[in-house]
Amino acid sequence: MDKKDYFDEMGEVALGSRLKRLSDRMMSDALNVYKYMGQDIQPRWYTLMSLLADKKSVSIVQAAEYLGLTQPCISQFSRELFKVGYVEFSSDAEDKRRKIMSLSQLGKKKYQKLKMVRVAVRKAAIELCEETEQNFYTVLQQFEKSFTRKSLYQRTLEKFHG
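Using my numbering, read the sequence shown as starting at 7 and increasing by one per residue.
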């Protein structure tokens, strides 16, 4: 029997599931790279660690805005990073209720150790994106802009009531 991808049969209606599957595969490969390189880090932490390395310190709200992720997601990642000692929290000088996070000394060392891995992963990701007819990353950026302009929800209601 010919193995056919059912998502191909479903087409664009399964776009979210297909993107999730692709994301899961990318994260799994990234985890395998980290393990191979002897690095005890979760791929989902990388963007937050990178943001903290670049911005030095941010609040949960700011991190969520920078990364386009939910505050609960950032809170979860920051707790996980705190648990392994890569992130530290301090109180905001202006609002004591607001926590500011930054990389700890251990987190900074870990981030630096990942530099060579980051370079190799970046080159591999660029290669993957460039293997498509149109650069996948560029198309993905355009897709996200279209989605921001008008969501799937809005478009669906327009089509449904239409």
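All C-beta atoms in this analysis are idealised placements derived from N, C-alpha and C, irrespective of residue type, glycine included. This structure is a prediction, so every number in the text was calculated from the model and none was measured.
Roughly how many whole angstroms lie between the Cα atoms of residue i and residue j?
i       : j       : result
Lys-115 : Glu-94  : 14 Å
Ser-65  : Thr-138 : 37 Å
Tyr-143 : Ser-108 : 29 Å
Leu-120 : Glu-164 : 46 Å
Tyr-92  : Leu-134 : 30 Å
Ser-152 : Leu-25  : 16 Å
Ala-126 : Lys-9   : 33 Å
Gln-48  : Thr-162 : 35 Å
In three-state terms, what does DSSP make of residue i?
i       : result
Val-90  : coil
Ser-63  : strand
Ser-157 : coil
Lys-10  : coil
Asp-35  : helix
Asp-46  : coil
Quick one: what's residue i bridged to in DSSP?
i      : result
Ser-97 : Lys-105
Hey, out of the options, whose CA is closest to residue i's CA?
i      : options                            : result
Arg-27 : Asn-38, Phe-13, Gln-48             : Phe-13
Leu-57 : Glu-71, Ser-29, Lys-89, Ala-20     : Glu-71
Leu-21 : Gln-118, Glu-86, Leu-158           : Leu-158
Val-90 : Gln-68, Leu-73, Met-55             : Met-55
Gln-45 : Gly-113, His-167, Gln-148, Ala-131 : Gly-113
Met-32 : Met-16, Tyr-52, Val-67             : Tyr-52
Ser-63 : Lys-129, Leu-37, Ala-99, Glu-136   : Ala-99
Met-43 : Ala-131, Val-123, Ala-130          : Val-123
Runs of alpha helix (DSSP H) lying entirely within the region 102-151, each at least 4 residues, in chain order: 111-119, 121-136
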